[in-house]
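Single-structure report; data block below.
What follows is the structure in structure tokens.
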């Protein structure tokens, strides 16, 4: 990955989410069905020093064993072809195994880097995968927040950037197992959204969802809590707290689903799955919308 200063924050996110995103890319995007794998040391020292972003020894379900090298690239580097050529020579010499090399290009600009050399005594090439051509739903549908966050770099298809950002934020909230994990994923999303110039959309969606992911700022929650206090009973306070929180959650879901129904891009089944509601619930909202 590029070592330029502006890339440091993106490097940090990939390191934090490396296990999840690497396996997701290998199986979902590169279509390599893993039977077993082993992470290998990344340092390669000979007369020059090289450190791949990801290096795995893989045995696929057909029984073939090979090395898989992944490089995550932010910049369209003219010298990339020579870097990859240096890598493959060092890897062959050290491990004596076939090598498959992939550069995962993260920018939404069309890459122009050279991927092939054809000379009299040398033929070499590597695979180039542009992340923005991968369907964002491959990552959005994951149960792991470490994968879901990368949906923001994918291809939104017919979904508007605003609606895609809303779905990603909603999904991260669903898949997070704690407040700390959720906040980490939302911060990662803010950073990655810069690559797609989606930060304003993401900020709006995070703000819109905050009414039920932050109980202390939830008007309905406070209203329910106040009602419980007025009743002067512990059970009243608890009931008011729970009812207020749940009412806020349901109202936010309804408002967001209605917005997607008006847009008309997602199906009833997709909306039910993404927002963890029944298809009947979505259809009832659709009927109300058409009245």
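Residue numbers (the working numbering): 61 to 351. Glycine residues also receive a C-beta, built at the ideal position from the N, C-alpha and C atoms. Bear in mind the structure is a predicted one, so any value in this text is a computation, not a measurement.
Test item: CB-CB of residue i and residue j under 8 Å
i, j, result
"residue 113", "residue 131", "yes"
"residue 225", "residue 198", "no"
"residue 207", "residue 81", "yes"
"residue 166", "residue 133", "yes"
"residue 117", "residue 147", "no"
"residue 334", "residue 230", "yes"
"residue 126", "residue 159", "yes"
"residue 255", "residue 232", "no"
"residue 209", "residue 77", "yes"
Closest by C-alpha distance to residue i, when choosing among the options
i, options, result
"residue 191", "170, 214, 173", "214"
"residue 350", "333, 331, 324", "324"
"residue 99", "128, 317, 179", "128"
"residue 239", "205, 188, 144", "205"
"residue 164", "156, 151, 180, 194", "194"
"residue 169", "220, 135, 89", "135"
"residue 178", "221, 145, 126", "145"
"residue 196", "180, 227, 172, 188", "227"
"residue 101", "72, 94, 154", "154"
"residue 200", "219, 111, 314, 162", "219"
"residue 72", "156, 249, 140, 316", "249"
"residue 70", "251, 320, 262", "251"
"residue 314", "237, 346, 141, 187", "346"
"residue 111", "141, 83, 151", "151"
"residue 119", "94, 142, 141", "94"
N-terminal and C-terminal residue of the alpha helix (DSSP H) that residue i is part of
i, result
"residue 341", "339-350"
"residue 330", "328-334"
"residue 200", "197-200"
"residue 209", "Element bounds for residue 209: n/a, residue is neither H nor E."
Boundaries of the beta strand (DSSP E) in which residue i is found, first to last residue
i, result
"residue 179", "176-179"
"residue 184", "182-185"
"residue 147", "Unbroken run through residue 147 is the alpha helix (DSSP H), 140-155; no beta strand (DSSP E)."
"residue 131", "125-133"
"residue 163", "159-165"
Start-end ranges of the beta strand (DSSP E) lying completely within the stretch 74-105, minimum 3 residues: 94-99
Runs of alpha helix (DSSP H) wholly within the stretch 228-276 (minimum 4 residues, chain order): 239-253, 259-273
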